[in-house]
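There are 2 protein chains.
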Amino acid sequence: MKLLEDRIRQDGVVLPGNVLKVNQFLNHQIDPQLMYEIGQEFARLFKERPVTKILTVEASGIAPAIMAGLVMNVPVLFARKKKPSTLDDRTYTAEVYSYTKKVTNTISVDSKFLSKNDHVLIIDDFLANGQAVKGMLEICKQADVKVEGVGIVVEKSFQEGAGWIKGQGIRLESLARISSFENDTVHFVGEE
Amino acid sequence: MKLLEDRIRQDGVVLPGNVLKVNQFLNHQIDPQLMYEIGQEFARLFKERPVTKILTVEASGIAPAIMAGLVMNVPVLFARKKKPSTLDDRTYTAEVYSYTKKVTNTISVDSKFLSKNDHVLIIDDFLANGQAVKGMLEICKQADVKVEGVGIVVEKSFQEGAGWIKGQGIRLESLARISSFENDTVHFVGEE
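Protein chains in written order, with our numbering: chain Z, 116 to 307; chain C, 116 to 307.
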């Protein structure tokens, strides 16, 4: 998605350790028009899939997910990062390790919002090692729903998450695919 | 906003202690179409105000705020609930006490996203005691920006937040105003 790549080139900040900050338009300040275009792009990419629900994780996944939900006319469910106060049969949970923050979070979803008939599209802002997506897939497995695919705003293609998802036979669509960071410059897959 | 009141009547769950759960369309699962209507309503209510930025708090404030930002064509900034790892001049912070969860969170905003020329509209999902709004107003004060108003999705009018905000001379627009809960039924301000 050229609009997104241009915006990453313009406003993205590369930090030591291959960390890309996009606080200008996605992770802290959000550009609603860009998010709407992203929502339209996800809707276009998954238009032949019978998606009934979008699943994401708070907080930065909400903006792209809700715009996709608006265009696709389906509800959006966000997994919470806090462990629920009462763990019972009515809650699906999964452990998610963050390599960036070096902490494990429990993500959780109220079971009443996922039913066996659901066809779920997973959307998230970033894909690196794939831990968050693995957690959401685990929740989808517990809920016995059909996963129609994974939509990612920014993929770090040089890390293992993308390959792992495709290896599971799951359709993955990433709107910007970063092949490397060199001298504080972002390079995208397919660039000369 | 009648559409919202009807939805609260239909899907809201009243818990002991005057807690209203709207997990069906706002706080866990989100209805994107309803959020878009809410965004349009905020845009209509504040249309004569020269808003340059919307400020909210993660995570449940993001959905209504981003739809208002989409309609009003301004960026949306969400305050984070985690204390930043490095506290310095570049971060505005405020303490927010949650009566429901009985914890104090530090909310923070990177100072580069608020400048003196900004005219800020604060948006949040719930208003009860007004702690989150007070925290956002504190951040606006530190940033020396002009606050154009506060937009709330669900106001508990019987608690002190709404009166306090108006007492500061700040314009407050709440789309659903709950006057009381009786026998698990929600009553709105102005109802017979």
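A virtual CB, placed ideally from N, CA and C, is assigned to each residue, including glycine.
- Message: Against chain C, which members of the region 223-249 of chain Z pass a CB distance test of less than 9 Å?
- Response: 224, 225, 227, 228
- Name the residues in the region 166-185 of chain C whose C-beta lies less than 7 Å from a C-beta of chain Z; which are they? 173, 174, 177, 178, 181, 184, 185
- Determine, using beta carbons only, whether residue 147 (chain C) comes closer than 9 Å to chain Z. yes
- Item | Closer than 7 Å at the beta carbon, the chain C residues around residue 257 (chain Z) | None at all; the shortest Cβ gap to chain C is about 16 Å.
- On the premise that residue 268 (chain C) lies in contact with residue 179 (chain C), defined as a C-beta separation below 8 Å, what is that separation, rounded to the nearest angstrom? 5 Å
- Query: alpha helix (DSSP H) containing residue 157 (chain C): first to last residue?
  - Reply: 147-160
- Nearest to residue 155 (chain Z) by alpha carbon, out of Z:302, Z:144, Z:266, Z:292? Z:266
- Message: Does the region 150-169 of chain C come into contact with the region 202-220 of chain C, if we say contact requires no fewer than three beta-carbon pairs (one atom in each stretch) closer than 8 Å?
- Response: no
- Message: Any beta carbon from chain Z within less than 9 Å of residue 150 (chain C)'s own beta carbon?
- Response: yes
- Task: Please check if any C-beta of chain C sits within less than 9 Å of the C-beta of residue 192 (chain Z).
- Result: yes
- Within its chain, find whatever has a CB closer than 7 Å to the CB of residue 258 (chain Z); leave out the 5 residues flanking it on each side and keep chain order. 207, 226, 229
- Query: Mapping DSSP to helix, strand and coil, what is residue 184 (chain C)?
  - Reply: helix
- Going by the beta-carbon positions, is the gap between residue 276 (chain C) and residue 248 (chain C) smaller than 9 Å? yes
- Query: So which of Z:181, Z:196, Z:152 has the shortest CA-CA distance to residue 190 (chain Z)?
  - Reply: Z:181
- Between which two residues does the alpha helix (DSSP H) carrying residue 256 (chain C) extend? 246-258
- With 16 other Cβ atoms within 10 Å as the buried cut-off, status of residue 142 (chain Z): buried
- Is the region 240-255 of chain Z touching the region 169-176 of chain Z, taking contact as three or more C-beta pairs under 8 Å? yes
- Could you please give the first and the last residue of the uninterrupted beta strand (DSSP E) stretch that includes residue 292 (chain C)? 287-297
- Item | Residues near residue 326 (chain C) in its chain [Cβ-Cβ closer than 7 Å; skip 5 each side] | Within the shown structure, residues of chain C are numbered from 116 to 307, placing residue 326 (chain C) beyond reach of any answer.
- Rounded distance between the beta-carbons of residue 134 (chain Z) and residue 127 (chain Z), thought under 8 Å: With 8 Å as the limit, residue 127 (chain Z) and residue 134 (chain Z) do not qualify as a contact, their Cβ atoms being about 10 Å apart.
- Message: Under 8 Å: does the beta carbon of residue 253 (chain Z) sit that close to some heavy atom of the ligand HEM?
- Response: The ligand HEM is not part of the structure shown, which contains no ligands of any sort.
- Given that a residue counts as buried once 16 or more other Cβ atoms are within 10 Å of its Cβ, and exposed if not, what is residue 151 (chain C)? buried
- Item | Closest by C-alpha distance to residue 256 (chain C), when choosing among C:185, C:224, C:123 | C:224
- Length of the line joining the Cα atoms of residue 312 (chain C) and residue 159 (chain C): The structure shown does not extend to residue 312 (chain C), since chain C spans only 116 to 307, so no value can be given for it.
- Item | Nearest-angstrom Cα separation, counted from residue 274 (chain C) out to residue 244 (chain C) | 6 Å
- Message: Against chain C, with Cβ distances strictly below 9 Å, would residue 189 (chain Z) count as a contact?
- Response: yes
- Among Z:168, Z:140, Z:306, Z:263, which has the Cα closest to the Cα of residue 123 (chain Z)? Z:140
- Message: Using beta carbons (cut-off 9 Å, strictly below), is residue 159 (chain Z) in contact with chain C?
- Response: no
- Taking the DSSP output, what are the residues bridged to residue 167 (chain Z)? DSSP, once it has assigned bridges, lists no residue as partnering residue 167 (chain Z).
- Does any residue of chain Z bring its CB to less than 9 Å from the CB of residue 302 (chain C)? no
- Query: What is the DSSP secondary structure of residue 276 (chain C), counted as helix, strand or coil?
  - Reply: helix
- Task: Return no unless some Cβ of chain Z is closer than 9 Å to the Cβ of residue 125 (chain C).
- Result: no
- Message: Looking only at its chain, what residues have a beta carbon closer than 8 Å to the beta carbon of residue 281 (chain C), apart from the 5 residues adjacent to it on each side?
- Response: 287
- Query: Would the beta-carbon of residue 197 (chain Z) fall within 9 Å of that of residue 172 (chain Z)?
  - Reply: no
- Task: Leaving out five residues on either side along the sequence, give the residues of the same chain with a beta carbon under 6 Å from the beta carbon of residue 289 (chain Z).
- Result: 267, 270
- Message: Quick check on DSSP: helix, strand or coil for residue 175 (chain Z)?
- Response: coil
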